[in-house]
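*Asks:*
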Amino acid sequence: MSSPIPAIAPVSAALRAYGASSAANTGDFGAMVGDAARSSLATLRRAELVSARGVAGTADVQEVVQAATAAELTVQTMTQLRDKVVGAYTDVLRMAV
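Counting from 1, one number per residue, gives the positions in the sequence shown under full-length UniProt numbering.
1. Considering only their Cβ atoms, is the gap separating Met78 from Ser39 smaller than 8 Å?
2. Give the list of continuous alpha helix (DSSP H) stretches no shorter than 4 residues that lie fully inside the segment 21-97.
3. Among Asp28, Leu44 and Ala31, which one has its Cα closest to the Cα of Thr74?
4. For Ala47 versus Ala67, is the C-beta distance shorter than 8 Å?
5. Roughly how many whole angstroms lie between the Cα atoms of Thr90 and Gly27?
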(Lines of atoms letter the chains of each structure in order from A and count residues from 1; the text may use other names and numbers.)
(Lines give C-alpha, C1' and ligand atoms only; values in the text may rest on other atoms or scores of the structure.)
Protein backbone atom coordinates (compact mmCIF):
# COMPACT_ATOMS: atom_id res chain seq x y z
CA MET A 1 0.00 0.00 0.00
CA SER A 2 1.15 3.46 -0.72
CA SER A 3 1.13 6.35 1.69
CA PRO A 4 -1.34 9.21 1.15
CA ILE A 5 -0.17 12.34 -0.61
CA PRO A 6 0.53 15.10 1.91
CA ALA A 7 -1.53 18.26 1.77
CA ILE A 8 -0.19 21.30 -0.04
CA ALA A 9 1.17 23.91 2.35
CA PRO A 10 -0.88 27.11 2.59
CA VAL A 11 0.04 29.95 0.27
CA SER A 12 0.89 32.21 3.22
CA ALA A 13 3.63 29.77 4.25
CA ALA A 14 5.09 29.92 0.74
CA LEU A 15 4.97 33.71 0.79
CA ARG A 16 6.83 33.79 4.10
CA ALA A 17 9.39 31.30 2.77
CA TYR A 18 10.17 33.51 -0.20
CA GLY A 19 10.45 36.67 1.86
CA ALA A 20 7.17 38.29 0.83
CA SER A 21 5.73 40.64 3.37
CA SER A 22 2.17 41.16 4.50
CA ALA A 23 1.78 43.66 1.63
CA ALA A 24 1.15 40.72 -0.71
CA ASN A 25 -1.69 39.60 1.53
CA THR A 26 -3.35 43.02 1.71
CA GLY A 27 -3.39 43.56 -2.04
CA ASP A 28 -1.14 46.63 -2.04
CA PHE A 29 0.55 46.20 -5.42
CA GLY A 30 2.96 49.13 -4.99
CA ALA A 31 4.24 47.78 -1.68
CA MET A 32 4.58 44.31 -3.15
CA VAL A 33 6.68 45.63 -6.05
CA GLY A 34 8.79 47.69 -3.65
CA ASP A 35 9.39 44.67 -1.43
CA ALA A 36 10.37 42.58 -4.44
CA ALA A 37 12.81 45.26 -5.60
CA ARG A 38 14.37 45.52 -2.13
CA SER A 39 14.65 41.75 -1.91
CA SER A 40 16.32 41.64 -5.33
CA LEU A 41 18.81 44.31 -4.35
CA ALA A 42 19.60 42.45 -1.14
CA THR A 43 20.25 39.26 -3.13
CA LEU A 44 22.58 41.10 -5.51
CA ARG A 45 24.44 42.80 -2.65
CA ARG A 46 24.87 39.49 -0.85
CA ALA A 47 26.22 37.89 -4.03
CA GLU A 48 28.68 40.74 -4.45
CA LEU A 49 29.90 40.41 -0.86
CA VAL A 50 30.24 36.63 -1.09
CA SER A 51 32.10 36.97 -4.39
CA ALA A 52 34.52 39.44 -2.82
CA ARG A 53 35.06 37.03 0.07
CA GLY A 54 35.65 34.26 -2.48
CA VAL A 55 38.31 36.30 -4.24
CA ALA A 56 39.94 36.97 -0.89
CA GLY A 57 39.86 33.24 -0.16
CA THR A 58 37.65 33.45 2.92
CA ALA A 59 34.46 32.01 1.41
CA ASP A 60 33.66 28.45 0.46
CA VAL A 61 33.47 27.77 -3.29
CA GLN A 62 29.98 26.30 -2.95
CA GLU A 63 28.78 29.45 -1.17
CA VAL A 64 30.19 31.62 -3.96
CA VAL A 65 28.53 29.50 -6.66
CA GLN A 66 25.17 29.57 -4.84
CA ALA A 67 25.32 33.34 -4.40
CA ALA A 68 26.26 33.85 -8.06
CA THR A 69 23.44 31.56 -9.20
CA ALA A 70 20.93 33.42 -7.01
CA ALA A 71 22.13 36.73 -8.44
CA GLU A 72 21.85 35.41 -12.00
CA LEU A 73 18.32 34.17 -11.41
CA THR A 74 17.37 37.51 -9.83
CA VAL A 75 18.72 39.48 -12.78
CA GLN A 76 16.94 37.22 -15.26
CA THR A 77 13.66 37.57 -13.36
CA MET A 78 13.93 41.35 -13.11
CA THR A 79 14.81 41.60 -16.80
CA GLN A 80 11.75 39.55 -17.76
CA LEU A 81 9.52 41.65 -15.51
CA ARG A 82 10.92 44.84 -17.01
CA ASP A 83 10.24 43.54 -20.51
CA LYS A 84 6.65 42.65 -19.57
CA VAL A 85 6.06 46.09 -18.05
CA VAL A 86 7.49 47.85 -21.11
CA GLY A 87 5.38 45.64 -23.36
CA ALA A 88 2.23 46.43 -21.38
CA TYR A 89 3.05 50.15 -21.49
CA THR A 90 3.46 50.10 -25.27
CA ASP A 91 0.18 48.17 -25.59
CA VAL A 92 -1.58 50.88 -23.58
CA LEU A 93 -0.03 53.56 -25.79
CA ARG A 94 -1.34 51.81 -28.91
CA MET A 95 -4.91 51.68 -27.63
CA ALA A 96 -7.43 53.76 -29.48
CA VAL A 97 -9.16 56.29 -27.31
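Each residue gets a CB set at the ideal place from its N, CA and C atoms; glycine is no exception.
*Replies:* In brief:
1. Walking along the sequence shown from the start, residue 39 turns up at place 39. Walking along the sequence shown from the start, residue 78 turns up at place 78. Contact flag unset, no.
2. 23-26, 29-56 and 61-94
3. In the sequence shown, counting from the first residue as 1, residue 74 sits at position 74. That would be Leu44, whose Cα lies nearest to the Cα of Thr74.
4. On the sequence shown, residue 47 is found 47 positions in, with the first residue counted as 1. On the sequence shown, residue 67 is found 67 positions in, with the first residue counted as 1. Yes.
5. Numbered from its first residue, the sequence shown carries residue 90 at position 90. Numbered from its first residue, the sequence shown carries residue 27 at position 27. Their backbone Cα atoms lie some 25 Å apart in a straight line.
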